[in-house]
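Below is one structure, written out as structure tokens; the observations come after it.
Protein chains: 2
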Amino acid sequence: MAIRLYDLCGSNNRRFSPYCWRVRLALAHKGLDHETVPLLFTEIPDVLGDHGGRVPVLDDGGTRVADSFAIAEYLEATYPDRPSLFGGAAGVTMARFVEGFANTVVLAGIAPLIVADVADRVDDTDRTYFVESREKRFGKALAEVQAGRDDAVTGFRKRLDPLRWALRQVPFLGGDGPMMADYILFGSFQWARVASPFALLDADDAVAAWLDRCLSLHGGLGRSESAADA
Amino acid sequence: MAIRLYDLCGSNNRRFSPYCWRVRLALAHKGLDHETVPLLFTEIPDVLGDHGGRVPVLDDGGTRVADSFAIAEYLEATYPDRPSLFGGAAGVTMARFVEGFANTVVLAGIAPLIVADVADRVDDTDRTYFVESREKRFGKALAEVQAGRDDAVTGFRKRLDPLRWALRQVPFLGGDGPMMADYILFGSFQWARVASPFALLDADDAVAAWLDRCLSLHGGLGRSESAADA
Chain A
6 MAIRLYDLCG
16 SNNRRFSPYC
26 WRVRLALAHK
36 GLDHETVPLL
46 FTEIPDVLGD
56 HGGRVPVLDD
66 GGTRVADSFA
76 IAEYLEATYP
86 DRPSLFGGAA
96 GVTMARFVEG
106 FANTVVLAGI
116 APLIVADVAD
126 RVDDTDRTYF
136 VESREKRFGK
146 ALAEVQAGRD
156 DAVTGFRKRL
166 DPLRWALRQV
176 PFLGGDGPMM
186 ADYILFGSFQ
196 WARVASPFAL
206 LDADDAVAAW
216 LDRCLSLHGG
226 LGRSESAADA
Chain B
6 MAIRLYDLCG
16 SNNRRFSPYC
26 WRVRLALAHK
36 GLDHETVPLL
46 FTEIPDVLGD
56 HGGRVPVLDD
66 GGTRVADSFA
76 IAEYLEATYP
86 DRPSLFGGAA
96 GVTMARFVEG
106 FANTVVLAGI
116 APLIVADVAD
126 RVDDTDRTYF
136 VESREKRFGK
146 ALAEVQAGRD
156 DAVTGFRKRL
166 DPLRWALRQV
176 PFLGGDGPMM
186 ADYILFGSFQ
196 WARVASPFAL
206 LDADDAVAAW
216 LDRCLSLHGG
226 LGRSESAADA
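Structure representation (structure tokens):
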């Protein structure tokens, strides 16, 4: 039975979930054919309610796994003869640290810079849910959250220094080639690329060069999803 | 010939260099006997000028290696039968990311919180050099830099979230046991512990619990250096 990945979609079948992109690259890394099942935010609880109501959820011949990191660990354990996502046990806990950075610094840093743009690109069916839940989270209107981002982005860029540091001598966090740590971070930037036209990175930033390399991986999988139009 | 580590010292032979502590734990991890050679800031150029004037410098039977990360890589390559510091090639580039976090977030975040305290604990011979170089770096008097730290520390603590994330399920970044990534971060906190009485972490912080575990490693090597008195 084919591998199926339950994915999130916005308007025009736009795939922007940072967590789902982590898994899509991981599946490509393992060379595993799969199909994605696009779901709206408001469809997820009905379809996948038994998995906490969140995507990604992987269905591998009837075995269901939720949570992007757990899925990567499942793929590593289940397909050990395919290229490794972690490079051994030490790589798993190191990737957890990168996950912490991706979630608490990168995603948390990007969200206030693009959240109103994201709202413009969710499906009409989802808009009320999305706007109300995010306004509750931020405590103000989304346009207000995003206001002043031309200045705020400077602080965000500065907080990417650990990534720049790691990329001084190698093209990927995985070294000569990408590993799960790269995919975890890639997902965050892909979210911003697909859901907002805002220029998150300076063109001459080493992080932008790394992102460009990530977009070209596995036959240009990341690039197959269009960047958001202004 | 014995392994010799050129180390930094303050007043009363206090060892506070964050970079040297990384190497001291790495040597202990490898089970390698060694002696440390304490140097004042202002002695380093004369003694080690050919190595960029910075410590740590390792001398292993006449082979000299500078830079804490390069030393760890040297130890891993030279003593492959001893416990691994990196857990394989993937672990090296992941540790580089942790180094980036340690240097650009942790050390850079701690410095303005404790720099005047550090100045109080360098050797008298070094004080003018230390104060002048740090005042030039910060662009103001060290007491001013440190002022308001009771508020500023809140932001610093928040920026440790990636570390908290990684430690949710394992006691060390290395997993069940410590690896170089732990030692790299440990050095930053040990610097603060030895050079300043300021309470950098909340007592109930998972990072504080991890630090306590690190202090107990290798026969309590880290704890063998006293915490700064108020």
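Going line by line, the protein sequences match chains A and B.
In this text, residue positions in the first sequence follow the numbering used here: the first is 6, and each later residue adds one.
In this text, residue positions in the second sequence follow the numbering used here: the first is 6, and each later residue adds one.
Idealized CB from N, CA, C, for every residue including glycine.
None of these values were measured; they are calculated from a predicted model.
- Membership of A/Y84 in any alpha helix (DSSP H) is not indicated, and neither H nor E is assigned to it by DSSP.
- Here B/P167 really is in contact with A/G105; their C-beta atoms are around 4 Å apart, less than 8 Å.
- By the Cβ-count criterion, A/R173 is exposed, with fewer than 16 other Cβ atoms from all chains shown falling within 10 Å of its own Cβ.
- Proximity of B/A213 to chain A, defined by a Cβ-Cβ separation below 8 Å, is not satisfied.
- Its chain contains F91, M185, A186 and I189 as the residues whose beta carbon lies nearer than 7 Å to that of A/A100, once the 5 sequence neighbours on both sides are disregarded; these appear in chain order.
- At least one CB atom of chain B sits nearer than 8 Å to the CB of A/T98.
- One thing to note: B/R154 has its Cβ no nearer than 8 Å to the Cβ of B/F194.
- Taking 9 Å as the cut-off between beta carbons, the residues of the stretch 81-107 of chain B near chain A are S89, F91, G92, G93, A94, A95, G96, V97, T98, M99, A100, R101, F102, V103, E104, G105, F106 and A107, in sequence order.
- Interface with chain B (8 Å Cβ-Cβ cutoff): A/P23 is excluded.
- Out of B/D234, B/A95, B/A113 and B/L220, the CA that lies nearest to the CA of B/L30 is found in B/L220.
- For B/T130, no beta strand (DSSP E) encloses it; the enclosing alpha helix (DSSP H) starts and ends at D129 to F143.
- Across the structure, B/L37 and A/L222 are spaced so that their CA atoms are roughly 42 Å apart.
- With respect to A/T98, A/L45 sits apart: the two C-beta atoms are not nearer than 8 Å.
- For A/L32, the CB contacts under 6 Å within the same chain, skipping 5 residues up- and downstream, are H39 in chain order.
- In the displayed model, A/A7 falls within coil according to three-state DSSP, outside both helix and strand.
- The shortest CA-to-CA distance from B/L10 to any of B/R142, B/L147 and B/R69 is the one to B/R69.
- Taking all protein chains in view, the Cβ of B/P85 is surrounded by fewer than 16 other Cβ atoms within 10 Å, so the residue is classified as exposed.
- DSSP places B/L63 inside the beta strand (DSSP E), whose first and last residues are V62 to D65.
- D166 and P167: these are the residues of the stretch 134-167 of chain A whose beta carbon lies less than 7 Å from some beta carbon of chain B, given in chain order.
- Pairing A/A232 with A/R198 gives a Cβ-Cβ distance under 8 Å.
- Residues of the stretch 108-120 of chain B with a Cβ closer than 8 Å to any Cβ of chain A, in chain order: N108, T109 and V110.
- Under the three-state reduction of DSSP output, A/L13 falls in the strand class.
- Counting other Cβ atoms within 10 Å of its Cβ, A/G144 stays below 16 and is therefore classed as exposed.
- Using a Cβ-Cβ cut-off of 9 Å, B/A186 is close to A95, T98, M99 and F102 of chain A, given in chain order.
- Annotation for A/L44: the continuous beta strand (DSSP E) segment containing it runs H39 to L44.
- Put simply, the CB of A/L178 is near chain B, with a gap under 8 Å to one of its CB atoms.
- Taking a contact to require three or more Cβ pairs closer than 8 Å, the stretch 121-138 of chain B and the stretch 16-25 of chain B qualify as touching.
- At a cut-off of 8 Å between beta carbons, B/V175 contacts chain A.
- Around the Cβ of B/R142, a 10 Å sphere holds fewer than 16 other Cβ atoms; the residue is exposed.
- Under the DSSP assignment, B/T68 falls in the beta strand (DSSP E) whose first and last residues are T68 to A71.
- Burial is judged here by how many other beta carbons sit within 10 angstroms of a residue's own beta carbon; B/G160 has fewer than 16 and is exposed.
- Between A/D12 and A/T47 the beta-carbon gap is near 15 Å, outside 8 Å, which marks them as no contact.
- Chain order gives the chain B residues near A/W170 as R101, F102, E104, G105, F106, N108 and T109, where near means a beta carbon separation below 9 Å.
- In this structure, B/V28 and A/F102 do not form a Cβ contact; the two beta carbons are roughly 21 Å apart against a cut-off of 8 Å.
- Shown here for B/L206: same chain residues with a beta carbon closer than 6 Å to its own, the five before and five after excluded, namely V212 and A213 in chain order.
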